[in-house]
Every structure is written in structure tokens, then in C-alpha cells.
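All remarks here apply to the structure that follows.
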Amino acid sequence: MTSVAESSTSLRNELEKIAGESKANAISVAVLDLESGFRFSLAGDRWFHAASTIKVAVLLAIFRATDEGRLRLDDPLHVRNRFLSAADGSPFRLSPTSDGMPELYRAIGRTVKISALAEGMITASSNLATNLLLDFVGVEYARNVLRDAQVSGVELRRGVQDENAHERGIDNEVTADGLLTLLCAVRGDFLKQQSREEIIRILLAQRFNSMIPAGLPPHATVAHKTGEISTACHDAGIVYLPEREPYIVVILTEFDPEKDGRYQTLVDISSLIYRSLTGRGLEKQ
Amino acid sequence: MRAETFRAIDGLDLAPEYRALLRPGEAETDSHGNVHRLPRFFYEIDSWQQAHEIRFAPHFTLAELMLVDCREAELLLREFPHYVPCAVILLAMFLEDFRREVGAPIFISANGGYRSPAHQIGGAKSIHAWGTAANIYRVGDTFLDDAKSIERYGTIACSLSQAVLVRRFGSGAGETDDHLHLDLGFVSLAPRECSEAS
Chain E
30 MTSVAESSTS LRNELEKIAG ESKANAISVA VLDLESGFRF SLAGDRWFHA
80 ASTIKVAVLL AIFRATDEGR LRLDDPLHVR NRFLSAADGS PFRLSPTSDG
130 MPELYRAIGR TVKISALAEG MITASSNLAT NLLLDFVGVE YARNVLRDAQ
180 VSGVELRRGV QDENAHERGI DNEVTADGLL TLLCAVRGDF LKQQSREEII
230 RILLAQRFNS MIPAGLPPHA TVAHKTGEIS TACHDAGIVY LPEREPYIVV
280 ILTEFDPEKD GRYQTLVDIS SLIYRSLTGR GLEKQ
Chain A
6 MRAETFRAID GLDLAPEYRA LLRPGEAETD SHGNVHRLPR FFYEIDSWQQ
56 AHEIRFAPHF TLAELMLVDC REAELLLREF PHYVPCAVIL LAMFLEDFRR
106 EVGAPIFISA NGGYRSPAHQ IGGAKSIHAW GTAANIYRVG DTFLDDAKSI
156 ERYGTIACSL SQAVLVRRFG SGAGETDDHL HLDLGFVSLA PRECSEAS
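Taken in order, these protein sequences are the chains called E and A. Each position in the first sequence, counted from 1, maps to that position plus 29 in our numbering. Each position in the second sequence, counted from 1, maps to that position plus 5 in our numbering.
See the structure below:
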């Protein structure tokens with residue numbers, strides 16, 4: 030039987046091989062197997078620009094607020110494309126052309142249910158939905174939720190596409206270990222059962238499945254959130270396999286803006302972790 | 006549905022939980038230090054269906070002028086009846102004139118018509134708590150999100166009445182940059198059948 034230390038060493042060696050063959054400037058991985066308790070981290074404390082993975086933190090805050098009775102998921106929220114920069118309070122707007130939910134811009138001026146915004150924020154990675162929700166609950170509240178959930182390694186400082194803040198170095202940042210802790214909080218006792226089930230349902234409905242899920246057999250389902258900007262390509266999720274307990278995996282990468290092969294790197298890592306944890310290949314189940 | 010077919014009520018006769026939120030007739034100091042009395046008389050609205058049926062002007066239903074989001078007090082957001090100051094009828098009449106002048110439909114944003122004094126945006130200091138203000142985010146196909154459109158339609162609104170105030174374009178205090186704010190001042194309306202004796 031392979032020991033935990035041997036498994037870690039073997040996985041580390043394989044990951045470093047993939048990292049060496051890829052064109053990535055940095056790769057960070059965190060894994061927690063809920064069946065065996067096996068925990069693994071490669072550069073798990075390295076900070077990355079969070080990109081859209083930060084939306085999981087906003088989602089946690091929304092559901093915590095729901096549990097606390099601060100809001101209801103079927104509450105209406107005014108859709109307004111105007112936000113204030115975390116840098117200097119100057120107003121900024123988002124572009125529908127770079128939003129995964131362009132139809133939401135047609136609702137400007139009217140109201141949309143918080144549940145629909147939460148779902149759009151994750152499944153379509155809508156920036157407008159994200160900023161509306163974060164604007165509503167407040168950055169400070171969301172940070173307090175992360176603190177109360179004992180999530181470190183996730184720094185939520187602002188809404189998305191706040192260029193003024195970005196130019197001044199005010200960015201949302203995550204570590205692989207931090208996102209793993211966040212996903213543990215999502216599925217743990219921090220939220221009420223109904224919220225927990227709903228948040229997992231939303232993450233399972235993710236539309237962007239070219240990274241972690243693409244490295245898994247067809248019968249796997251993944252509750253996850255991707256994140257991509259010019260220099261970062263991430264995926265973090267909970268992998269469900271019917272024959273065993275789930276495992277949590279976070280893969281964070283940095284690339285030069287023009288470099289290709291990002292998705293394949295994440296797919297290879299996802300596949301490696303699956304094989305490492307289950308001892309199986311990717312044959313059809 | 007005509008205005009006289011639904012009920013105007015004296016806010017002072019409302020249950021304590023409603024009075025605490027609507028604060029009928031109470032004095033409130035605005036941002037300039039001027040004191041105004043909050044509306045005392047309200048139309049009582051039994052359902053959203055009724056709000057959609059009530060037309061204070063040919064092209065404006067009451068529903069358009071009372072749409073709020075979850076920043077409104079829970080009781081006033083989720084429960085019926087809803088209460089809207091009677092002066093909202095004057096706003097509807099002005100908006101009808103404005104619509105006729107611009108020759109296109111106009112769109113009032115959520116939270117952009119009547120908001121109660123308990124609403125998280127502006128609260129009792131906002132003129133929206135009088136039901137005499139409107140935030141217009143769109144005229145016809147034009148979204149009012151730049152200086153040109155906001156100033157253009159603001160000028161038209163002001164040309165219709167000296168009682169109208171529009172906010173200037175900008176992102177500073179008292180300015181707007183993604184809608185046209187117009188209002189008729191701190192107007193209260195006492196329906197004929199209501200007494201102001203007490």
C-alpha cells in the first residue's frame with residue numbers, strides 16, 4: 030500500500046513534470062480527498078489574482094446573509110450598471126460584451142431576483158451580477174463572512190472590472206489553500222443545510238467546463254468556478270464520483286498573456302489528481 | 006381603473022407598525038436644513054394587480070411609480086396593502102406632459118419613484134419619500150447615462166414647469182450620471198374626503 034508521504038511525493042513529482050512541460054509562469058494546486066483525508070498542496074500559499082474565482086466568496090456571503098435573515102433569495106434587486114471604485118470612489122460601468130450574462134443588461138432599470146443574480150454570477154460568470162450582489166451586501170460584510178468561516182487565503186477587496194483599483198494594486202487575491210478552505214466552508218456546517226444544498230446546486234450548474242471537468246471521466250460531476258484574465262487561468266471545485274466520497278481540488282496558474290495551452294495544463298493536472306486519488310485511468314465507467 | 010375607485014386614507018389612522026415606517030405628517034429636515042412635513046395621506050393599494058390597473062395618467066400606471074427593491078422596509082416590500090402618497094398623482098400628470106413633449110415612452114427605474122422614509126436609499130430626507138420625484142433611466146430607445154442625454158431631457162422637463170427641478174449631470178453630491186432625476190418639490194396632497202383637523 031502506498032503511504033501518504035509516497036502519494037504526496039509521487040503527485041508532486043508528476044505535477045512538477047506537467048508544470049515544466051507547460052508554458053505556465055506559476056502553478057499552484059491544493060487537494061483534499063474527503064474519502065481518505067489525503068491533503069496535498071503545491072505552492073498552496075502563493076497568492077494569485079483571483080479573477081472570477083472570487084465569485085465563490087461573494088456567493089458564500091449571499092447565502093450567509095440569507096441564513097442570517099438579512100435578505101431572501103427571492104427578493105428583488107435593482108439592476109443598475111454603475112459602481113464605485115474601491116480606489117477612489119469614482120463611478121465605473123461594466124461592458125455587456127465581456128459579460129457571460131449579456132441579457133442581464135436588458136434588465137437595467139428594473140429588478141431581478143437575488144437568486145437569479147447568484148446563479149448568473151456563477152454559472153455564466155456574470156460580472157454585472159457579481160458587482161450588484163457585492164454592492165448590496167457590502168465588501169466589509171463579505172470579508173467578515175470569510176473571517177467567520179475561518180477562510181484565510183482569500184482576499185476580497187472590491188468588485189470585478191474595477192480598473193481604477195487594479196491600476197493602484199487593489200485586487201482580489203487567492204491562494205490555492207485559501208480557495209480550498211472556502212470550498213470546505215461552502216460544503217461544511219457554516220451554512221444552513223438548505224443554503225448549502227442550493228450553493229452546491231448552483232456550482233454544479235457551471236457552464237464553463239473546459240478545465241477540471243475535462244480531465245475527468247464522463248460520470249464525474251463538478252461543483253466549481255473558473256477564473257480567467259489575461260495572465261491567470263484557474264479552476265476550483267468539488268469533484269463528485271458516485272463510487273466514492275468527493276474530493277476538492279484547486280488549480281491556479283499564471284501565464285504570459287499570449288501563451289496558449291492553458292486549458293490543457295489544467296486538464297492534465299485535473300486528470301493526474303483523479304488518477305492519483307482513485308488509482309484509475311480515464312476509461313469510460 | 007380611475008383614481009376615485011380606490012381608497013385614500015389618513016396615515017395617522019394606520020396601525021403603529023406602518024406609522025413607524027411611513028411617519029405620516031412628521032417633520033423632517035432636508036440636506037439644506039429646511040424642514041418639511043412628510044406626506045400624511047396615502048392611497049391604499051391592495052395588490053400588484055391593482056397597482057398595474059391604476060392609471061393616474063393615460064400612459065402611467067401606479068405600479069411604475071412604486072417599484073422598489075429589497076432596500077425597502079420588509080413590511081412595505083413584501084406585504085399588502087402598500088401605501089403611496091396621494092401627491093404621486095401630480096407626478097404622474099407631469100410625467101404625462103413630459104412624455105407628450107419628448108414624443109416617446111419614458112421609463113422610471115426601480116427605486117426611482119416613491120420610496121418610503123424607511124427605504125435604505127435616502128430615507129426620509131429624500132424627496133422620493135413624498136412621491137413627487139422620478140428617476141428616468143430611459144426615454145424611447147435612449148438610455149440616459151451620459152451628459153448629453155441627461156442635459157437634453159432635463160432641459161425639456163424644466164421647460165414644462167417652473168416647479169420642476171432636475172439634477173445636473175455628474176458624479177458629485179446631488180448629481181446623477183445614469184438617470185435623469187426630476188421632482189416637483191415637497192408637495193403633499195390632501196384628498197377632498199380627508200380632514201386635516203387632527
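A virtual CB, placed ideally from N, CA and C, is assigned to each residue, including glycine. Owing to the predicted nature of the structure, the values given are computational and were not obtained by experimental measurement.
Quick one, are the C-beta atoms of Gln190(E) and Leu113(E) less than 8 Å apart? no
Report the option in Glu64(E), Ala116(E), Ser70(E) whose CA atom is closest to the CA atom of Val58(E). Ser70(E)
Gln55(A) vs Phe11(A) beta-carbon contact at 8 Å: yes
May I have a chain-ordered list of the beta strand (DSSP E) segments no shorter than 3 residues that lie completely inside the stretch 189-264 of chain E? 250-258
Minimum C-alpha distance to Thr34(A) - residue among Lys130(A), Ser203(A), Glu101(A): Lys130(A)
Measure the CB-CB distance between Arg41(E) and Ala55(E) and report whether it falls below 8 Å. no
Starting from the Cα of Ile50(A), find the closest Cα among Glu58(A), Pro44(A), Leu26(A) and give me that residue. Glu58(A)
So, is Val33(E) buried or exposed, given that buried needs 16 or more other C-beta atoms within 10 angstroms? exposed
Once DSSP output is grouped into helix, strand and coil, what is the label at Pro196(A)? coil
Tell me where the beta strand (DSSP E) around Asn140(A) begins and ends. 138-144
Neighbourhood of Gln314(E) by C-beta distance below 6 Å, restricted to the same chain and skipping five residues each side: Residue placement at Gln314(E) is flagged as unreliable, the pLDDT there being 40, under the threshold of 50; a coordinate-derived value is accordingly withheld.
If we cut at 8 Å on Cβ distances, does Asp206(E) have a partner in chain A? no
With a threshold of 8 Å between beta carbons, is Arg12(A) in contact with chain E? no
Please report the residue range of the beta strand (DSSP E) in which Glu283(E) lies. 273-283
His87(A) (DSSP reduced to helix, strand or coil): strand
Please confirm if Arg173(A) has its CB atom under 8 Å from at least one CB of chain E. no
Along chain A, in chain order, which residues have C-beta atoms closer than 9 Å to that of Pro120(E)? Ser176, Asp182, Asp183
Can you give me the C-alpha to C-alpha distance between Asn201(E) and His78(E), rounded to a whole angstrom? 6 Å
Consider the Cβ of Phe65(A): report whether some Cβ of chain E lies at a distance smaller than 8 Å. no
Strictly below 8 Å CB to CB, what residues from chain A border Arg187(E)? Under the 8 Å cutoff, chain A gives no residues; its nearest Cβ is about 18 Å from Arg187(E).
Chain A partners of Asp164(E), CB-CB under 8 Å? Here the premise fails: no neighbours, minimum Cβ distance about 11 Å.
Can you list, in chain order, the stretches of the alpha helix (DSSP H) that have 4 or more residues and sit fully within the stretch 120-178 of chain A? 152-165
Report yes or no: is there a C-beta of chain E within less than 8 Å of the C-beta of Asn116(A)? yes
Can you look up Gly266(E) in the DSSP assignment and give me helix, strand or coil? strand
Are Ala153(E) and Ala178(E) touching if we call contact CB-CB under 8 Å? no
Say whether chain E places a C-beta atom closer than 8 Å to the C-beta of Asp35(A). no
What do you reckon, are the CB atoms on Ile143(E) and Ile228(E) nearer than 8 Å? no
Leu211(E) and Val180(E): beta carbons closer than 8 Å? yes
Simplified DSSP state of Arg122(E), which is helix, strand or coil: coil
Going by the DSSP bridge assignment, what does Phe61(A) pair with across the sheet? In the DSSP output, where bridge partners are listed per residue, Phe61(A) has none listed.
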